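Everything below concerns the one structure shown next.
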Ligand code: WQD
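In my numbering, the protein residues as written are 1239 to 1561.
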């Protein structure tokens, strides 16, 4: 297939592009490099430097080949920042995606895989979270993802665009074959913060709260390896093409690790002390989040393979230890 990967130079986008290339597809990456990196590009995939807000450039890119599908990963993803600067998230995540959908209609592209988020669920009402769980986002970032899911529903009905909306849990790790080494700038997520502390890029890190209702008092999350996520995109696209039917599914590991467990495993694997100071809770953090991925297993035959904590940390350390 010919695939346009929008946001393909980013952390998740580069792993997704690699997956599609490995499966023999032709990929074109479209990215404005605001957080994506040139070093995340592959020579087999043509690169178009463009912004999703520039409708004519975007439309032009969509007409450079007869594309079978768009993978859309071009979004901002810092939940905390979205609460302070909602305009930025409205503009990029909502207006930018509407541009993509409208340009796809004009260019005649009928399939889209969209990066949604577990943030659409908000505070869990039960665990593990399946796709029937109520969607009541607690942060503006999650709201933007949920709005786009609603747009997708309408474009499916009115314009016959089939979509796969993939609700990611906590993406982590690096390519198990070591082919992707681009580091996220100013990361706020747990794994890259731990890695930056382990390699000396920062002196110490903070643990946000140890008084939660969990076994060791720190928050539990479902960490999903990016290679597993990437495979989920390929299988989801195959599904919507084959069945001419849209889907909304969770992608997670179905495992839960506490912040302390992640830290301890990282200390063991890296051999570094990783200084961590416990501070107060971070606003909006639920105690525990884990995914049910039965639907992905049933519809896509997908299950996480690389999302044990050792592999998540080892593949990350392979990249960070050299900086
Ligand atoms: C994990 C745990 C922190 C940093 C985010 C998005 C969410 C979804 C998944 C994509 C929490 C703790 C963190 C630190 C810490 N993304 N922590 N010290 O918030 O669970 O989820 O990724 O759509 O929408 O919000 O991920 O990595 O920030 O935090 O103690 O320096 O680590 O409190 O318990 P989060 P995270």
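For each residue, glycine too, the CB sits at the ideal point set by N, CA and C. Just so we're clear, the structure is a prediction, and the values are computed from it rather than from any experiment.
Environment of residue i [buried if 16+ CB atoms lie within 10 Å]
i            : result
residue 1540 : buried
residue 1253 : buried
residue 1331 : buried
residue 1392 : exposed
residue 1457 : buried
residue 1383 : buried
residue 1548 : exposed
residue 1442 : exposed
residue 1459 : buried
residue 1466 : buried
residue 1432 : buried
residue 1265 : buried
residue 1396 : exposed
Host beta strand (DSSP E) of residue i (start-end)
i            : result
residue 1265 : 1264-1269
residue 1488 : 1485-1489
residue 1408 : 1408-1410
residue 1429 : Here residue 1429 belongs to no beta strand (DSSP E); instead the alpha helix (DSSP H) covers 1428-1436.
residue 1517 : 1514-1517
residue 1240 : 1240-1244
residue 1354 : 1349-1355
residue 1558 : Segment 1547-1558 is the alpha helix (DSSP H) holding residue 1558; no beta strand (DSSP E) there.
residue 1445 : 1443-1446
residue 1308 : 1307-1310
residue 1526 : First-last for residue 1526: undefined, no H or E at that position.
Whole-angstrom C-beta distance between residue j and residue i, which should lie under 8 angstroms
i            : j            : result
residue 1525 : residue 1450 : 4 angstroms
residue 1379 : residue 1320 : 4 angstroms
residue 1447 : residue 1519 : 4 angstroms
residue 1528 : residue 1469 : Actually they do not touch by this definition, with Cβ atoms about 20 angstroms apart.
residue 1428 : residue 1497 : 6 angstroms
residue 1464 : residue 1409 : 6 angstroms
residue 1269 : residue 1303 : Actually they are not in contact, since the Cβ atoms of residue 1269 and residue 1303 sit about 16 angstroms apart, beyond 8 angstroms.
residue 1477 : residue 1402 : 7 angstroms
Near ligand 1: residue i beta-carbon under 7 angstroms from a heavy atom
i            : result
residue 1488 : no
residue 1355 : yes
residue 1433 : no
residue 1321 : no
residue 1436 : no
residue 1379 : yes
residue 1445 : yes
residue 1467 : no
residue 1406 : yes
residue 1317 : yes
residue 1531 : no
residue 1427 : yes
residue 1265 : no
residue 1520 : yes
residue 1497 : yes
residue 1459 : yes
residue 1523 : yes
Contact check, residue i vs residue j, beta carbons under 8 angstroms
i            : j            : result
residue 1349 : residue 1400 : yes
residue 1405 : residue 1356 : yes
residue 1297 : residue 1251 : no
residue 1274 : residue 1318 : no
residue 1475 : residue 1351 : yes
residue 1347 : residue 1308 : yes
residue 1437 : residue 1558 : yes
residue 1471 : residue 1282 : no
Unbroken alpha helix (DSSP H) run spanning residue i, endpoints
i            : result
residue 1320 : 1317-1322
residue 1253 : 1249-1260
residue 1471 : 1464-1481
residue 1389 : 1378-1397
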